[in-house]
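Enquirer:
Written as structure tokens, this is what we have:
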């Protein structure tokens, strides 16, 4: 996720500031949403007592997080402005795209907005990816024949002594099927975020007025026996013809 956002892996980050270095070394504290929970928000009288320094620690964590995100933006800004690197010679991570939009729409892409988008991606992106990986490993442990087949594919196409890289994924068709089946059975978002109908329409025989807020239970679609054979079984082979 860090490579997608900033163009390099998390372990490759190297900042001079001690504050940002601490943030990089302990990102769990920095991005953990429970850190920001203050009882004083619910019981105002506790604000006078600072509730054992909770507010002070939260402000310190916020400062550390902001320094870290600002450093990411500043590093990419310096890379973009470097005369030795042209647009055609480098891939554009998400920060680069937003910084280019900042030039044409400065009010919509301020540094604060960019940092907010980065934070959402680093929190939501890593949490959902982690849950998906845990689910995939659980299925592989429960289905050793699938694990063996996937391992043989990796050994054959990548080798036994090499780590997987992004460019290797196109060679691993069976691994793609495992991922698809994992997402079908255990989607990290079983309910699709609310959408509003832009105009009146009919879906599945139901009349949907304009302006209706719609919630779709994706899990029901992924396990519908009318659409999937043995919907509760983990069978990556069902995606045989999907590429």
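Numbering (the UniProt record's numbering), first residue to last: 1 to 243.
The beta carbon of each residue, even a glycine, is placed where N, CA and C say it ideally should be.
#1: Indicate the three-state DSSP secondary structure (helix, strand or coil) for residue 195 in the structure shown.
#2: Roughly how many whole angstroms lie between the Cα atoms of residue 111 and residue 147?
#3: Taking the C-alpha atoms as reference points, what is the distance between residue 64 and residue 198?
#4: Classify residue 88 as buried or exposed, calling it buried when 16 or more other Cβ atoms lie within 10 Å of its own Cβ.
#5: Within the continuous beta strand (DSSP E) that includes residue 132, where are the two ends?
#6: Would you kindly work out how many angstroms separate the C-alpha atoms of residue 131 and residue 209, rounded to a whole number?
#7: Please identify the residue among 161, 104, 126, 9 whose C-alpha is closest to the C-alpha of residue 72.
#8: Let me check understanding here. Comparing Cα to Cα, which of 139, 156, 202, 151 lies closest to residue 184?
#9: For the pair the region 179 to 194 and the region 210 to 223, tell me if three or more CB-CB distances fall below 8 Å.
#10: Identify which residue in 151, 69, 98, 122 has its Cα closest to the Cα of residue 80.
Expert: Reading it off the structure:
#1: strand
#2: 45 Å
#3: 42 Å
#4: Its pLDDT being 49, under 50, residue 88 is placed unreliably by the model, and the measurement read from it follows with that caveat. By the 10 Å Cβ count, residue 88 comes out exposed.
#5: Looking at the DSSP string, residue 132 is not in any beta strand (DSSP E); the run it does join, the alpha helix (DSSP H), is 111 to 142.
#6: 36 Å
#7: 9
#8: 139
#9: yes
#10: 98
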